[in-house]
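Residue numbers (numbering that gives the first Met the number 0), protein chains in the order written: chain B, 0 to 239; chain S, 0 to 220; chain A, 0 to 216.
No residue lacks a Cβ here, since even glycine has one placed at the ideal position from N, Cα and C.
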Amino acid sequence: MIEIEKVYKSFGKLDVLKGVDLTVARGEVVSIIGGSGSGKSTLLTCINGLEPIQSGRILIDGTDVHARSTDLNKLRRKVGIVFQQFNAFPHLTVLDNVTLAPRKVLGMSRAEAEEIAVKQLRHVGLADKLKVYPSRLSGGQQQRMAIARALAMSPQYMLFDEVTSALDPLLVGEVLDTLKMLAEEGMTMICVTHEMTFARDVSQRVAFFHQGILAEIGPPDQIFGAPQHPETQKFLSNVR
Amino acid sequence: MFDYTFQWRQAYRHLPRMLEGALVTLEIAVLSLIIGIVIAVLLAVARDSKSIWLRAPATAWVEVARNTPALFQIYMAHFGLGSFGIYLSPYVALLAGIAFNNAGYLCETFRGALRAIPETQTRAGRSLGMGQAQTFRLIVMPQMFRISFLPTTNQMVWAILMTSLGVTVGMATDLTGITQNLNARTFRTFELFAMAAVLYYLIAKAVMLAARLIAWRLFRY
Amino acid sequence: MFETAMTWNDLMFMLRGAGVTLWITAIAVAGGTALGIVFGVARSALSPWVTWPLAFVLDVLRSVPLLIQLVLANSFQAIAGLGWSPFVTSCVVLALYTAALCTEVVRGAILSVPETTRRAARSLGMTWAQDQTQIVFPMALRVGLPSWINLTLGVMKDSALVLWLGIIELLRASQILVTRLQEPMFILLVAGAIYFLISFPVARFGERLEKRWRAHD
Numbered sequence: 000m001i002e003i004e005k006v007y008k009s010f011g012k013l014d015v016l017k018g019v020d021l022t023v024a025r026g027e028v029v030s031i032i033g034g035s036g037s038g039k040s041t042l043l044t045c046i047n048g049l050e051p052i053q054s055g056r057i058l059i060d061g062t063d064v065h066a067r068s069t070d071l072n073k074l075r076r077k078v079g080i081v082f083q084q085f086n087a088f089p090h091l092t093v094l095d096n097v098t099l100a101p102r103k104v105l106g107m108s109r110a111e112a113e114e115i116a117v118k119q120l121r122h123v124g125l126a127d128k129l130k131v132y133p134s135r136l137s138g139g140q141q142q143r144m145a146i147a148r149a150l151a152m153s154p155q156y157m158l159f160d161e162v163t164s165a166l167d168p169l170l171v172g173e174v175l176d177t178l179k180m181l182a183e184e185g186m187t188m189i190c191v192t193h194e195m196t197f198a199r200d201v202s203q204r205v206a207f208f209h210q211g212i213l214a215e216i217g218p219p220d221q222i223f224g225a226p227q228h229p230e231t232q233k234f235l236s237n238v239r
Numbered sequence: 000m001f002d003y004t005f006q007w008r009q010a011y012r013h014l015p016r017m018l019e020g021a022l023v024t025l026e027i028a029v030l031s032l033i034i035g036i037v038i039a040v041l042l043a044v045a046r047d048s049k050s051i052w053l054r055a056p057a058t059a060w061v062e063v064a065r066n067t068p069a070l071f072q073i074y075m076a077h078f079g080l081g082s083f084g085i086y087l088s089p090y091v092a093l094l095a096g097i098a099f100n101n102a103g104y105l106c107e108t109f110r111g112a113l114r115a116i117p118e119t120q121t122r123a124g125r126s127l128g129m130g131q132a133q134t135f136r137l138i139v140m141p142q143m144f145r146i147s148f149l150p151t152t153n154q155m156v157w158a159i160l161m162t163s164l165g166v167t168v169g170m171a172t173d174l175t176g177i178t179q180n181l182n183a184r185t186f187r188t189f190e191l192f193a194m195a196a197v198l199y200y201l202i203a204k205a206v207m208l209a210a211r212l213i214a215w216r217l218f219r220y
Numbered sequence: 000m001f002e003t004a005m006t007w008n009d010l011m012f013m014l015r016g017a018g019v020t021l022w023i024t025a026i027a028v029a030g031g032t033a034l035g036i037v038f039g040v041a042r043s044a045l046s047p048w049v050t051w052p053l054a055f056v057l058d059v060l061r062s063v064p065l066l067i068q069l070v071l072a073n074s075f076q077a078i079a080g081l082g083w084s085p086f087v088t089s090c091v092v093l094a095l096y097t098a099a100l101c102t103e104v105v106r107g108a109i110l111s112v113p114e115t116t117r118r119a120a121r122s123l124g125m126t127w128a129q130d131q132t133q134i135v136f137p138m139a140l141r142v143g144l145p146s147w148i149n150l151t152l153g154v155m156k157d158s159a160l161v162l163w164l165g166i167i168e169l170l171r172a173s174q175i176l177v178t179r180l181q182e183p184m185f186i187l188l189v190a191g192a193i194y195f196l197i198s199f200p201v202a203r204f205g206e207r208l209e210k211r212w213r214a215h216d
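Laid out in structure tokens, this is it:
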């Protein structure tokens with residue numbers, strides 16, 4: 000379970016998150032929507048401790064992410080994240096991209112790691128690209144590789160930060176299909192997304208962020224069918 | 000004009016000795032480059048660190064290496080340290096001087112390369128559970144070496160040129176040292192040094208070629 | 000910090016050496032830059048089929064240690080009966096060495112001017128010479144000048160090698176004092192400080208120039 004309690008976060012004078020509360024249960028898929036600068040992406044980087052927070056706390060299975068005593072490297076094995084930029088490691092082949100962390104962080108042998116990596120890469124449809132360098136892949140393929148790379152650590156939670164935003168429109172579908180498949184397999188997921196159809200079809204709950212505040216949260220039917228908050232109404236009428 | 004008979008054959012007889020010297024030259028250059036690279040990486044990290052105790056000495060090293068002659072640096076190692084009762088042999092003093100110089104220049108090369116690697120690469124590494132040092136070693140450093148490969152190759156060529164300075168502190172076994180000794184015995188200055196020049200040129204070209212092969216083998220992406 | 004036997008006269012001796020260093024550098028850089036510009040323009044304007052002998056010679060000058068070049072030139076002038084003093088020989092060698100490095104700086108700077116810009120200039124009816132002086136030169140100057148400053152400092156530092164021909168420049172002057180006073184560390188530190196004081200401000204100026212010009216692009 001991920002519990003986010005009264006989280007405040009600022010970059011210098013700029014307040015990005017102003018008291019966010021959100022709880023995500025095991026097996027749940029939550030989509031976060033909202034305008035740019037609403038703080039939704041920042042929330043994800045706070046959840047896995049890449050960014051410090053000013054107050055409040057974030058618990059993952061009861062462990063406080065920002066407590067001094069927490070071993071973040073250990074915690075991050077549990078929480079995978081995929082970014083908007085694909086962040087492929089350019090100097091490693093697709094296979095090595097995926098096996099690197101299992102070998103160096105989990106201490107697996109090369110054979111063990113490769114077995115898992117091949118399985119995950121097959122899962123995302125890249126089984127024929129093992130020995131290829133990322134520069135030879137399309138954006139969609141790089142992004143699917145990034146997903147496989149995160150999955151190879153057998154995380155219990157996955158965070159997706161606008162993973163289709165940097166893609167050509169034609170390549171968005173293949174990545175969304177991968178996410179959909181993961182959701183159906185029961186992965187706990189938080190997806191920051193601009194793909195409203197995806198948010199409606201795949202998630203159990205949809206959260207709307209506005210200016211650092213979680214303005215409204217509820218089942219997709221409610222958010223898309225009968226939004227309560229005026230800002231949600233305004234946002235949705237603009238994206239349609 | 001040209002009231003002089005060139006005696007190439009006589010000089011040519013000394014070629015085997017000079018080739019031995021060329022090997023020593025290459026050896027010093029390679030060692031100085033390796034030592035220089037290791038120190039340069041540490042300096043690059045130290046120069047961007049938050050602690051002034053790391054930053055200040057690293058900055059001093061880099062600025063002295065870049066703003067004084069290489070020959071001065073070799074003199075410091077050979078004569079200067081004598082004030083502290085440390086007497087380095089010409090070989091060690093030459094190696095130390097060149098390595099000091101290499102480290103200073105390569106540090107700045109590496110820092111430039113580090114700035115070219117997106118911050119998101121580090122983020123991606125950290126988010127997979129890798130520690131800071133691990134991320135630097137496995138993700139950032141390989142990319143840094145690739146970006147700075149060409150300048151590093153140039154530094155290697157400079158290192159070869161710098162080895163010739165050893166003769167001024169009594170180095171006798173490298174190419175210039177041996178040439179100078181033969182010169183003192185035979186007085187065929189022009190012929191001997193012309194041969195040395197050809198050998199230096201060939202070494203420099205061989206190094207460039209080797210670097211290209213290494214790059215082709217190493218950087219396939 | 001140090002008890003030293005060094006006197007003001009000794010310091011003046013070193014400063015005179017520094018004067019020789021600067022003097023040789025100035026001559027070499029002036030001559031080398033003039034040649035370098037001519038060679039650089041030729042290398043970028045003419046076909047490589049025509050300029051390869053020049054390119055080869057310049058490459059040799061860059062790939063053979065300066066010390067070897069100095070000894071070779073000195074021995075050559077003796078053989079040829081030119082009667083050059085070590086000072087003249089040093090200036091000639093350093094100037095040619097500078098020219099070899101400067102050619103690459105000039106060529107790189109000219110090549111950095113986009114072909115499209117030059118085509119635009121020519122399509123406005125400018126002649127080749129006008130294009131060179133009005134468009135290419137000002138644009139290339141911004142790219143080349145910082146490298147040229149570094150090159151100049153490099154020549155200043157490399158000029159220490161002329162001590163091998165018996166010229167008493169800064170480092171040789173220090174060495175003479177070291178032999179006399181037996182205080183190697185102190186005297187060399189003074190010499191190093193003089194080099195540093197000459198080089199560092201200029202290097203900083205070059206860096207700032209580079210940064211400012213890059214920011215304006």
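Contact criterion: CB-CB distance below 7 Å. Does residue i meet it with respect to chain B?
i: residue 123 of chain S; result: yes
i: residue 141 of chain S; result: yes
i: residue 128 of chain S; result: yes
i: residue 119 of chain S; result: yes
Starting from residue i, find everything on chain S with Cβ-Cβ shorter than 7 Å and list it in chain order.
i: residue 159 of chain A; result: 68, 70 and 71
i: residue 177 of chain A; result: 78
i: residue 86 of chain A; result: Correct list: empty, because the minimum Cβ distance to chain S is about 18 Å.
If you draw a straight line from the alpha carbon of residue i to that of residue j, how long is it in whole angstroms?
i: residue 171 of chain B; j: residue 43 of chain B; result: 21 Å
i: residue 0 of chain A; j: residue 189 of chain S; result: With a pLDDT of 48 at residue 0 of chain A, under the threshold of 50, the predicted position of this residue should be treated as unreliable, and no value is reported.
i: residue 8 of chain A; j: residue 70 of chain S; result: 25 Å
i: residue 84 of chain B; j: residue 66 of chain B; result: 29 Å
i: residue 109 of chain B; j: residue 114 of chain A; result: 50 Å
i: residue 161 of chain B; j: residue 128 of chain S; result: 21 Å
i: residue 145 of chain S; j: residue 90 of chain B; result: 9 Å
i: residue 169 of chain S; j: residue 131 of chain B; result: 53 Å
i: residue 48 of chain S; j: residue 58 of chain S; result: 11 Å
Quick check on residue i - is its C-beta less than 7 Å from some C-beta in chain S?
i: residue 55 of chain A; result: no
i: residue 0 of chain A; result: Annotation note: pLDDT 48 at residue 0 of chain A (below 50); position unreliable, coordinate value reported separately. For residue 0 of chain A, the answer is no, since every Cβ of chain S falls outside 7 Å of its Cβ.
i: residue 70 of chain A; result: yes
i: residue 137 of chain A; result: no
i: residue 31 of chain A; result: no
i: residue 191 of chain A; result: yes
Do we get a CB-CB distance below 7 Å when we pair residue i with the residues of chain A?
i: residue 75 of chain S; result: yes
i: residue 48 of chain S; result: no
i: residue 4 of chain S; result: no
i: residue 21 of chain S; result: no
Quick one: list the residues of chain B neighbouring residue i, beta-carbon separation under 8 Å, in chain order.
i: residue 219 of chain S; result: 132
For residue i, does the count of other Cβ atoms within 10 angstroms reach 16, so buried, or fall short, so exposed?
i: residue 200 of chain B; result: exposed
i: residue 11 of chain A; result: exposed
i: residue 73 of chain B; result: exposed
i: residue 39 of chain A; result: buried
i: residue 218 of chain B; result: exposed
i: residue 154 of chain S; result: buried
i: residue 14 of chain S; result: exposed
i: residue 45 of chain S; result: buried
i: residue 196 of chain A; result: exposed
By the criterion of Cβ-Cβ separation under 9 Å, what are the contact partners of residue i in chain A?
i: residue 200 of chain S; result: 58, 59, 62 and 63
i: residue 90 of chain S; result: By Cβ distance, chain A contributes nothing, its closest Cβ being about 17 Å from residue 90 of chain S, past 9 Å.
Starting from the beta carbon of residue i, find every residue of chain S whose beta carbon is closer than 9 Å, and list them in chain order.
i: residue 184 of chain A; result: 75, 78, 79, 80, 81, 82 and 83
So which residues of chain S does residue i contact, with C-beta pairs closer than 8 Å?
i: residue 202 of chain A; result: 65 and 66
i: residue 229 of chain B; result: Ordered by position in chain S, no residue passes the 8 Å Cβ test against residue 229 of chain B, which lies about 35 Å from the chain.
Residues of chain A with CB closer than 7 Å to the CB of residue i, please, in chain order.
i: residue 163 of chain S; result: 64, 66 and 67
i: residue 195 of chain S; result: 67
Q | Any 3 or more C-beta pairs closer than 8 Å across the segment 28-37 of chain B and the segment 200-220 of chain B | A | yes
Q.
Could you check whether the segment 166-178 of chain A touches the segment 36-46 of chain S, counting it as contact only if at least three pairs of C-beta atoms, one from each stretch, sit closer than 8 Å?
A. Taking 8 Å as the limit for Cβ pairs, the verdict is that the segment 36-46 of chain S does not touch the segment 166-178 of chain A.
Q.
Quick check: the segment 20-27 of chain S against the segment 191-207 of chain S, are at least 3 beta-carbon pairs closer than 8 Å?
A. yes
(Q) Counting beta carbon pairs with one atom in the segment 169-185 of chain A and one in the segment 47-67 of chain S, are three or more of them shorter than 8 Å? (A) no
Q.
Is it the case that the segment 88-99 of chain S contacts the segment 194-212 of chain A, given that we only count it when at least three CB pairs across the two stretches are under 8 Å?
A. no
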